[in-house]
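Converting from the sequence shown to the working numbering requires adding 71 to each position, the first position being numbered 1. From the three backbone atoms N, C-alpha and C, an ideal C-beta is built for every residue, glycine too.
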Amino acid sequence: MFADNMDILTVARWRAMCRINYAHGTSSLRRTLTNRLRAFVPSPHAFVDLVTSHGGIFGGEVALSFFLRLDSYRPSFVEIYSSNYNYEKLCEAILDDPSISARIKTHSFFTNTHSHAIHRLVASSLNIHLSNGLSILVHQSYTCSPFAPMSRTPSTALSNFVSRYSFGCSHPGLTLARRALLADKVTPSFTPYDSATFERLLSHNFSISVSPSAWPEYRRVFEDGSLWTPEVCWREKFLCPNQGRFFGDKGSLVGYFDPLGGDKGRCVKGQLAPFGPMLIWRIMTTFECGDGCEYLDEVLDQGVTYIPVLFRSDPVGELRDSILDRRTGTASLYRFTSTACLDRYIRRGQFVTM
Ligand SMILES: [Zn+2]
Numbered sequence: 072m073f074a075d076n077m078d079i080l081t082v083a084r085w086r087a088m089c090r091i092n093y094a095h096g097t098s099s100l101r102r103t104l105t106n107r108l109r110a111f112v113p114s115p116h117a118f119v120d121l122v123t124s125h126g127g128i129f130g131g132e133v134a135l136s137f138f139l140r141l142d143s144y145r146p147s148f149v150e151i152y153s154s155n156y157n158y159e160k161l162c163e164a165i166l167d168d169p170s171i172s173a174r175i176k177t178h179s180f181f182t183n184t185h186s187h188a189i190h191r192l193v194a195s196s197l198n199i200h201l202s203n204g205l206s207i208l209v210h211q212s213y214t215c216s217p218f219a220p221m222s223r224t225p226s227t228a229l230s231n232f233v234s235r236y237s238f239g240c241s242h243p244g245l246t247l248a249r250r251a252l253l254a255d256k257v258t259p260s261f262t263p264y265d266s267a268t269f270e271r272l273l274s275h276n277f278s279i280s281v282s283p284s285a286w287p288e289y290r291r292v293f294e295d296g297s298l299w300t301p302e303v304c305w306r307e308k309f310l311c312p313n314q315g316r317f318f319g320d321k322g323s324l325v326g327y328f329d330p331l332g333g334d335k336g337r338c339v340k341g342q343l344a345p346f347g348p349m350l351i352w353r354i355m356t357t358f359e360c361g362d363g364c365e366y367l368d369e370v371l372d373q374g375v376t377y378i379p380v381l382f383r384s385d386p387v388g389e390l391r392d393s394i395l396d397r398r399t400g401t402a403s404l405y406r407f408t409s410t411a412c413l414d415r416y417i418r419r420g421q422f423v424t425m
């Protein structure tokens with residue numbers, strides 16, 4: 072199927088052209104996820120349903136691989152994130168599933184130290200070692216948002232989610248170009264799994280940096296030895312490491328597997344990402360923005376690294392699927408945002424801090 076060879080933005084635009092493309096493109100997107108899970112579980116579709124029905128979301132390298140759509144990027148472990156209150160039932164459901172339990176060699180529950188838990192926002196984890204050498208990790212969020220641990224991953228390449236109905240990428244402009252901002256304040260709490268992930272990122276030619284200025288497009292421009300562009304932090308492209316971010320702002324990419332079939336409504340009703348308990352966060356970085364994004368940010372106060380929030384609905388269209396946006400023909404991430412968007416959420420009572 073040639074749609075499998077398109078990058079995610081291309082397949083999203085291509086499937087918006089007609090119903091036939093839509094069917095093929097949607098199948099291709101679903102196949103991207105299930106093909107990656109097939110090495111871990113015998114029934115990937117049932118596994119995705121099981122995880123989503125228990126409020127879990129896929130993250131880590133499996134979600135990254137979904138966005139990159141690179142067949143060669145095959146992680147050796149699947150990371151699933153759960154809210155603190157859904158965790159036990161999700162673990163039970165996975166361990167009790169006969170088709171999965173037949174493949175399990177050993178499993179263990181691990182409770183993190185308090186220090187690690189507040190650094191990474193992961194309270195505990197279930198490690199399932201499969202008989203084929205691969206692993207499934209289920210992480211319990213330190214908060215009511217399953218997304219919280221992803222906000223503390225060591226790099227923006229890993230702040231992506233995929234569920235039965237939806238998917239999101241926080242920094243598509245970087246991630247899809249195999250670039251990532253490093254959360255260097257997180258690196259002291261590296262786990263062996265983090266190290267393995269970083270090795271795989273580097274082996275797939277990811278460029279990782281604390282500052283966007285590491286890449287030519289985001290440097291100050293000099294001409295004839297004189298500076299002619301001012302220092303900028305690229306806030307307008309949602310790349311300033313100090314700014315507050317959330318899934319649904321115009322720097323992020325949010326999509327649905329079957330937007331015409333009502334997947335967005337299912338996410339709203341079921342309180343599934345990008346709706347329900349989510350997070351506003353900023354990267355854990357030593358980067359210091361010269362434009363004051365640390366203390367002048369419109370969504371996070373100075374010193375605040377995250378706020379759990381509840382997205383109830385989407386009255387202003389900020390979580391519009393880029394696939395259905397026919398006005399510009401581009402994904403939402405390439406449009407400049409109105410800084411008043413969050414004000415509108417708050418004013419209309421659709422955005423609630425928890
Ligand atoms: Zn800034």
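Nearest-angstrom Cβ-Cβ length linking residue i and residue j, presumed shorter than 8 angstroms
i, j, result
"residue 187", "residue 266", "In fact, because the Cβ distance is near 15 angstroms, the residues do not count as touching under 8 angstroms."
"residue 237", "residue 338", "5 angstroms"
"residue 304", "residue 361", "7 angstroms"
"residue 194", "residue 155", "6 angstroms"
"residue 125", "residue 157", "6 angstroms"
"residue 149", "residue 239", "Contact flag wrong, Cβ pair sits at about 17 angstroms."
"residue 231", "residue 138", "6 angstroms"
Assigned secondary structure, residue i (DSSP; H/G/I helix, E/B strand, else coil)
i, result
"residue 354", "coil"
"residue 320", "strand"
"residue 382", "strand"
"residue 285", "helix"
"residue 325", "strand"
"residue 81", "helix"
"residue 374", "coil"
"residue 348", "strand"
"residue 72", "coil"
"residue 393", "For residue 393, the predicted structure reports a pLDDT of 43, less than 50, and the residue's modelled location is therefore unreliable. A value from the coordinates is still provided. Helix."
Cβ neighbours of residue i in the same chain (closer than 6 angstroms, five flanking residues each side left out)
i, result
"residue 147", "205"
"residue 127", "151, 153, 161"
"residue 343", "234"
"residue 119", "235"
"residue 222", "350, 352, 377"
"residue 282", "358"
beta-carbon residue i near ligand 3 non-hydrogen atom, thresh 6 angstroms
i, result
"residue 353", "Ligand 3 is absent from the structure shown, which contains only ligand 1."
Proximal residues to residue i (C-beta, below 7 angstroms), its chain only, five neighbours per side dropped
i, result
"residue 228", "135, 246, 251, 272, 277"
"residue 82", "74, 96, 99, 100"
"residue 220", "152, 191, 192, 193, 210, 212"
"residue 311", "304, 305, 360, 364"
"residue 373", "365, 366"
Residue i versus residue j: straight-line alpha-carbon distance, rounded
i, j, result
"residue 408", "residue 321", "Interpretation of residue 408 is limited by its pLDDT of 32, a score under 50 that renders its predicted location unreliable; the figure taken from the coordinates is listed afterwards. Their Cα atoms are separated by approximately 6 angstroms."
"residue 403", "residue 317", "Note that residue 403 has pLDDT 38, beneath the 50 cutoff, so the model's placement of it is unreliable and the number below is only indicative. Those two C-alpha atoms are separated by around 14 angstroms."
"residue 225", "residue 183", "17 angstroms"
"residue 473", "residue 191", "Residue 473 cannot be examined here, being either before or after the span of the chain that is shown, 72 to 425."
"residue 375", "residue 356", "13 angstroms"
"residue 364", "residue 284", "16 angstroms"
"residue 336", "residue 116", "20 angstroms"
"residue 248", "residue 94", "27 angstroms"
"residue 308", "residue 215", "29 angstroms"
"residue 333", "residue 129", "21 angstroms"
"residue 349", "residue 319", "10 angstroms"
"residue 202", "residue 173", "9 angstroms"
"residue 290", "residue 217", "35 angstroms"
"residue 428", "residue 92", "Because the chain here runs from 72 to 425, residue 428 falls outside it and cannot be looked at."
"residue 163", "residue 286", "45 angstroms"
"residue 331", "residue 90", "10 angstroms"
"residue 268", "residue 88", "37 angstroms"
"residue 66", "residue 175", "Outside the displayed span of the chain (72 to 425) sits residue 66, for which this structure offers no information."
"residue 255", "residue 358", "9 angstroms"
"residue 280", "residue 86", "34 angstroms"
"residue 366", "residue 77", "40 angstroms"
"residue 123", "residue 380", "19 angstroms"
"residue 262", "residue 341", "33 angstroms"
"residue 79", "residue 168", "32 angstroms"
Cβ shell of residue i (< 8 angstroms), same chain only, five flanking positions each side left out
i, result
"residue 196", "180, 181, 183, 208, 209, 210, 211"
"residue 178", "166, 197, 198, 199, 200"
"residue 72", "95, 98, 99, 102"
"residue 114", "170"
"residue 144", "132, 135, 136, 271, 275"
"residue 257", "190, 191, 223, 224, 225, 355"
"residue 368", "313, 314, 315, 353"
3-residue-minimum beta strand (DSSP E) runs that sit fully inside the region 180 to 243, ordered along the chain: 193 to 201, 206 to 212, 231 to 233, 237 to 240
Complete beta strand (DSSP E) runs within the region 122 to 174 (minimum length 3 residues, chain order): Uninterrupted beta strand (DSSP E) stretches at least 3 residues long and entirely within the region 122 to 174 occur at 128 to 130, 148 to 153, given in chain order.
Continuous beta strand (DSSP E) assignments of at least 3 residues falling wholly in the region 87 to 117: none
Completely contained beta strand (DSSP E) runs for the region 243 to 271, where each covers 3 or more residues: Entirely contained in the region 243 to 271, the beta strand (DSSP E) runs reaching 3 residues are, in chain order, 250 to 252.
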